[in-house]
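Residue numbers (the working numbering): 137 to 462.
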């Protein structure tokens with residue numbers, strides 16, 4: 137039995153034992169792998185960079201520009217960071233059969249810490265020279281905040297938008313359960329049907345979403361174990377319990393908070409400061425990634441309670457312009 141190449145890289149980074157090298161089966165389709173666009177001669181110190189994300193979707197920025205992007209804001213921000221750092225462009229077509237630095241969809245359960253994105257760096261002999269870097273480590277290591285008070289305030293707020301993203305998933309996207317989650321999270325083909333096993337897998341996913349990034353610490357009233365989470369999800373499908381109503385209110389409140397700050401963000405990011413700081417660039421990536429993911433991957437199928445839709449539309453147009461640079 138062949139070990140999937142990406143999983144083999146992860147296990148090689150944390151080996152329990154060595155094993156005989158096996159020739160990769162070239163007939164196996166590398167489904168869900170999209171290559172970054174870069175010059176053919178480009179090399180990153182002889183390394184191969186693979187960014188593992190929850191899923192990848194196609195979006196149309198206009199009639200002529202199509203991009204393939206990760207399906208969550210943190211992964212998209214990490215992709216933009218790699219593009220900026222190494223002069224990549226986001227994938228614009230499926231190039232799974234070609235070598236190069238790539239974005240791949242992967243189950244979060246294959247990650248050493250249970251979270252995505254993660255960057256897998258390999259060089260030379262992939263068995264002995266592989267390294268796994270979490271998305272958080274990638275951003276902190278290369279683009280730390282500390283170059284200005286305003287940068288720090290904006291960046292801290294944008295980090296908190298991960299809570300808003302989780303709240304949207306739990307209170308809005310879950311109502312499209314389970315098909316909506318298949319667009320946002322990787323699932324093996326055999327588990328994509330409408331059956332009990334598929335339902336249990338998504339129940340587990342909902343539970344893990346709730347507990348990710350210390351979300352349960354900041355929102356302790358959310359059910360604290362898997363069984364309670366499953367029951368809550370089932371109740372949401374049948375009615376509107378108090379827990380769901382409370383989360384809906386928190387979600388709406390945080391969305392309003394974000395909308396109220398959009399004009400300040402756009403003014404700050406559009407300022408003509410020629411000495412653009414690294415932290416300002418990371419703030420831009422976080423802002424753009426959240427707006428793009430909400431508009432393209434959530435808003436079309438979910439009725440979000442926007443209070444200042446015109447401001448959000450301005451943010452969306454700005455975000456599209458930035459994304460077209462990559």
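Positions of the beta carbon are idealized from the N, C-alpha and C atoms, including for glycine.
Note that the structure is a prediction, hence the values are computed from the model and not measured.
- Residue pairing for residue 186: DSSP places it in a beta bridge opposite 238 and 256.
- Within 10 angstroms of the beta-carbon of residue 461 lie fewer than 16 other beta-carbons, which makes it exposed.
- Scanning the stretch 293 to 324 from its first residue to its last, the whole alpha helix (DSSP H) runs of 4-plus residues come out as 315 to 320.
- Residue 406 and residue 168 have their C-alpha atoms some 35 Å from each other.
- For residue 426, same chain residues with a beta-carbon under 6 Å away, outside a window of 5 residues either side, are 209 and 297 in chain order.
- Straight across, the Cα-Cα distance linking residue 345 with residue 224 is about 30 Å.
- Setting aside the 5 residues that flank it on each side, residue 240 is surrounded in the same chain by 142, 168, 169, 186 and 188, each with a C-beta closer than 7 Å to its C-beta; the list follows chain order.
- For residue 194, the enclosing beta strand (DSSP E) begins and ends at 192 to 196.
- Contact between residue 183 and residue 257 is confirmed by a C-beta separation of about 5 Å, below the 8 Å threshold.
- Residue 428 and residue 243 have their C-alpha atoms roughly 22 Å apart.
- Residue 173 is bridged by DSSP to 225.
- In the pairwise beta carbon analysis, the stretch 436 to 454 is classified as touching the stretch 393 to 403: at least three pairs are separated by under 8 Å.
- Taking the Cα of residue 211 as reference, the smallest distance to any Cα among 226, 386 and 199 is reached at 226.
- Between residue 454 and residue 383, the C-beta gap is not smaller than 9 Å, which leaves the two residues out of contact.
- Looking at the DSSP output, residue 401 bridges to nothing.
- Leaving aside the five residues that flank residue 309 on each side, the residues in its chain whose CB is nearer than 6 Å to its CB run, in chain order, 316.
- One thing to note: residue 269 has its Cβ no nearer than 9 Å to the Cβ of residue 286.
- Listed in chain order, the non-local C-beta contacts of residue 323 below 6 Å within the same chain number zero, local neighbours out to five positions each way being set aside.
- It is roughly 15 Å from the alpha-carbon of residue 335 to the alpha-carbon of residue 320.
- Of the candidates 250, 229, 219 and 293, 229 places its Cα closest to the Cα of residue 200.
- The DSSP-derived three-state label of residue 386 is helix.
- Across the structure, residue 236 and residue 247 are spaced so that their CA atoms are roughly 21 Å apart.
- In the three-state reduction of the DSSP assignment, residue 392 falls in the helix class.
- For residue 268, the beta-bridge partners assigned by DSSP are 256.
- Rounded to whole angstroms, the separation of the alpha carbons of residue 456 and residue 415 is 20 Å.
- According to the DSSP assignment, residue 201 belongs to no beta strand (DSSP E), since it is labelled neither H nor E.
- Annotation for residue 294: 419, 422, 423 and 426 place their beta carbon closer than 8 Å to its own, counting only its chain and skipping 5 residues before and after.
- For residue 444, there is no enclosing alpha helix (DSSP H), as DSSP marks it with neither H nor E.
- Exclusion of the five residues before and after residue 202 leaves 194, 195, 196, 228 and 229 as the residues of its chain whose Cβ lies within less than 8 Å of its Cβ.
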